[in-house]
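Student: If you want this note's numbering, it's the 1-based position in the sequence shown plus 1463.
Virtual Cβ for every residue (Gly too), placed ideally from N, Cα, C.
Here the structure is a predicted model, which means the values were calculated and not measured.
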Amino acid sequence: MSEQPKSHPERAAVLAVDIGGTHLRTGMVDPALGLHAFNQVSSQAVLNVANPAERLADHLERFLSGAHGWRPAAVAVGFPATVDRKRRVVMSTSNIAAMQNMPVADVLEKRLGIPAFIDRDVNMLLRHDLRAHGLTSARVVIGCYVGTGLGNAISINGTIHAGRHGVAGELGHVAMIGLHERCGCGSYGCLETVASGRHLADLVRTRFPGTPVQDVFLRHGDEIEIKQYVRTLAVPVALEVNILDPDAVVLGGGVVQAPGFPRALLEEAVVALARKPLPASDIDFRYTTSGQEAGLVGAGIHAWAALGGPVPTHIEELQHAGSARK
Ligand SMILES: [Zn+2]
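Here is the structure:
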């Protein structure tokens, strides 16, 4: 992961961090949004411990000591959690038990000596996807990301909508009539209890034991249970489409990006549930095309914008996908 450019011994870059339920990814994002020094470890090992903010700072100090040639201008972290309005405190997450009411931004600024910016992980993802799809000047864009949970982000005129308390876009925690299961957020009957990667993993374990979750669409995509699961994913998407009538709907996350995922079936189901004749007959579906680097680049975008720099409005996908493999 080390890189030692000869002509620019100390180039400025954002220390970008993407924390998911499974992986903690780190990289350096330059002002042109190129990603360098990509690194990935288990997030539970680093964070599901006492004092997770301090352990994260330890991890980032170690990472920086190996990221030769890059000078961190700021640190930006996306969390699978709600974050307070001022973007200083990680409030609540349903996936990493130890991360509750954590003043991460203050801890990172003190430990690393650089400005720290934090946000929900899906907001970082949508910042990336707006640029990957040329949507920064669109009026309303929604992102629905089916990973371990069901993530949602809303962009209005190119700005992520945060809401009064900073917690807008908790689509996965809308309660549905007929659902009663306890959710990781503490409530009951949330959409995320059925429209999430966690639910798919449970389904595969009970109905298709022995099949790796990531292969389920390839091996069992024609089975009624899997088709029904995909139609269930359409419920939250159509719900938000009906409310916001967005210019585009970005779909992504580990489930949607799994091999053989039936995009056409999902789109048909969203159209079937959306209000007729419009918006149902004219929904612009887009897909996250990049993988593990999107959240890091999104974090870089967030920090460079906060630092006042001009941020590119388009991303050449292959450019940063290529640099991620270095
Ligand atoms: Zn919930």
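Measuring from each Cβ to the nearest heavy atom of ligand 1, keep the ones under 5 angstroms and list them in chain order.
Tutor: His-1636, Cys-1646, Cys-1648, Ser-1650 and Cys-1653
Student: If distances are taken between C-alpha atoms only, which option among Asp-1710, Val-1504 and Leu-1654 comes closest to Phe-1526?
Tutor: Mapped onto the sequence shown, residue 1526 falls at position 63. Phe-1526 has its Cα closest to that of Val-1504, out of Asp-1710, Val-1504 and Leu-1654.
Student: Between which residues of its own chain and Val-1567 is the CB-CB distance below 6 angstroms, once the five residues before and five after are set aside?
Tutor: Within the sequence shown, numbered from 1, the residue matching residue 1567 stands at position 104. Ala-1516, Val-1553 and Ile-1581.
Student: Residues bridged to Phe-1580 by DSSP?
Tutor: For the purposes of this step, residue 1580 is identified with residue 117 of the sequence shown, where counting begins at 1. Per DSSP, Ala-1539.
Student: Pull up the DSSP beta-bridge partners for Thr-1545, would you.
Tutor: Sequence index remark: in the sequence shown, residue 1545 carries index 82 (1-based). Thr-1545 pairs with Ser-1555.
Student: Here's the rule I'm using: 16 or more other beta-carbon atoms within 10 Å means buried, otherwise exposed. How should Thr-1776 be labelled?
Tutor: Looking up residue 1776 in the sequence shown gives position 313. By the neighbour-count rule (16 or more Cβ atoms within 10 Å), Thr-1776 is not buried but exposed.
Student: Taking its Cβ as the centre, do 16 or more other Cβ atoms sit within 10 Å of Asp-1521, making it buried, or is it exposed?
Tutor: Stepping through the sequence shown from its first residue, residue 1521 is reached at position 58. So Asp-1521 ends up on the exposed side.
Student: Considering only the beta carbon of each residue, do Thr-1656 and Leu-1666 sit closer than 8 angstroms?
Tutor: For the purposes of this step, residue 1656 is taken as residue 193 along the sequence shown, with counting starting at 1. For the purposes of this step, residue 1666 is taken as residue 203 along the sequence shown, with counting starting at 1. No. Outside cutoff.
Student: Within 10 angstroms of its Cβ, does Leu-1589 collect 16 or more other Cβ (buried), or is it exposed?
Tutor: By 1-based counting over the sequence shown, the position of residue 1589 is 126. It is buried - the Cβ of Leu-1589 has at least 16 other Cβ atoms within 10 Å.
Student: Return the CA-CA distance between Met-1565 and Ala-1711, expressed in angstroms with no decimal places.
Tutor: Reading the sequence shown from its first residue, position 102 is the one you call residue 1565. Reading the sequence shown from its first residue, position 248 is the one you call residue 1711. Cα to Cα, the separation comes out at about 34 angstroms.
Student: Going by DSSP, which residues form a beta bridge with Ile-1482?
Tutor: In the sequence shown, counting from the first residue as 1, residue 1482 sits at position 19. BP columns for Ile-1482 point to Leu-1487.
Student: Once the 5 residues before and after Met-1491 are set aside, which same chain residues still bring their CB inside 6 angstroms of it?
Tutor: Here residue 1491 corresponds to residue number 28 of the sequence shown, with the count starting at 1. Counting only Cβ-Cβ distances below 6 angstroms, and skipping sequence neighbours, we find Ala-1476, His-1499, Ala-1500, Ala-1530 and Trp-1533.
Student: Would you give the residue range spanned by the alpha helix (DSSP H) that Tyr-1692 belongs to?
Tutor: Residue numbering aside, residue 1692 sits at position 229 when the sequence shown is read from its first letter. Note, Tyr-1692: alpha helix (DSSP H), 1687-1707.
Student: Quickly, what does DSSP pair Arg-1749 with across the bridge? List them, please.
Tutor: If you number the sequence shown from 1, residue 1749 lands on position 286. According to DSSP, which records beta bridges pairwise, Arg-1749 is partnered with Val-1713.
Student: By the three-class DSSP mapping on this structure, what secondary structure does Met-1562 have?
Tutor: Position 99 of the sequence shown holds residue 1562. If DSSP states are grouped into helix, strand and coil, Met-1562 belongs with coil.
Student: Find the nearest neighbour of Arg-1574 within the set Ala-1727, Leu-1523 and Ser-1528, judged by alpha-carbon distance.
Tutor: Working through the sequence shown from its first residue, we reach residue 1574 at position 111. Checked all of Ala-1727, Leu-1523 and Ser-1528; the closest Cα to Arg-1574 is Leu-1523.
Student: Pop quiz: Ala-1561 and Leu-1510 are said to be a contact at Cβ under 8 angstroms. What is the actual Cβ separation, rounded to whole angstroms?
Tutor: Residue 1561 sits at position 98 when you count from the first residue of the sequence shown. Residue 1510 sits at position 47 when you count from the first residue of the sequence shown. With 8 angstroms as the limit, Ala-1561 and Leu-1510 qualify as a contact, their Cβ atoms being about 6 angstroms apart.
Student: Figure out for me which residue from Asp-1547, Arg-1488 and Cys-1648 has the closest Cα to the Cα of Gly-1763.
Tutor: Along the sequence shown, one-based indexing puts residue 1763 at 300. For the residues Asp-1547, Arg-1488 and Cys-1648, the minimum Cα distance to Gly-1763 belongs to Arg-1488.
Student: How would you call Val-1512, buried or exposed, if buried means at least 16 neighbouring beta carbons within 10 angstroms?
Tutor: Position 49 of the sequence shown, counted from the start, is the residue given in the question as residue 1512. Flag for Val-1512 reads exposed.
Student: What first and last residue would you give for the beta strand (DSSP E) that runs through Ser-1528?
Tutor: Position 65 of the sequence shown holds residue 1528. Looking at the DSSP string, Ser-1528 is not in any beta strand (DSSP E); the run it does join, the alpha helix (DSSP H), is 1515-1529.
Student: Tell me the residue span of the alpha helix (DSSP H) that contains His-1765.
Tutor: To locate residue 1765, count along the sequence shown from 1; it is residue 302. The continuous alpha helix (DSSP H) containing His-1765 extends over residues 1757-1769.
Student: Note down, one range per segment and in chain order, each alpha helix (DSSP H) of at least 4 residues found wholly within the stretch 1612-1695.
Tutor: 1660-1670 and 1679-1683
Student: With 16 other CB atoms within 10 Å as the buried threshold, where does Ala-1727 fall?
Tutor: Here residue 1727 is taken as the residue at index 264 of the sequence shown, counted from 1. The residue in question, Ala-1727, is exposed, as its Cβ has fewer than 16 Cβ neighbours within 10 Å.
Student: Give the straight-line distance between the Cα atoms of Thr-1611 and Gly-1772, rounded to the nearest whole angstrom.
Tutor: Stepping through the sequence shown from its first residue, residue 1611 is reached at position 148. Stepping through the sequence shown from its first residue, residue 1772 is reached at position 309. Rounded to the nearest angstrom, the two C-alpha atoms are 33 angstroms apart.
Student: Using a Cβ distance threshold of 8 angstroms, determine whether the stretch 1677-1696 contacts the stretch 1709-1725, with at least three qualifying pairs required.
Tutor: yes
Student: Could you give the DSSP three-state label for Val-1512: helix, strand or coil?
Tutor: On the sequence shown, position 49 is the one that residue 1512 refers to. Reduced to three states, the DSSP call for Val-1512 is coil.
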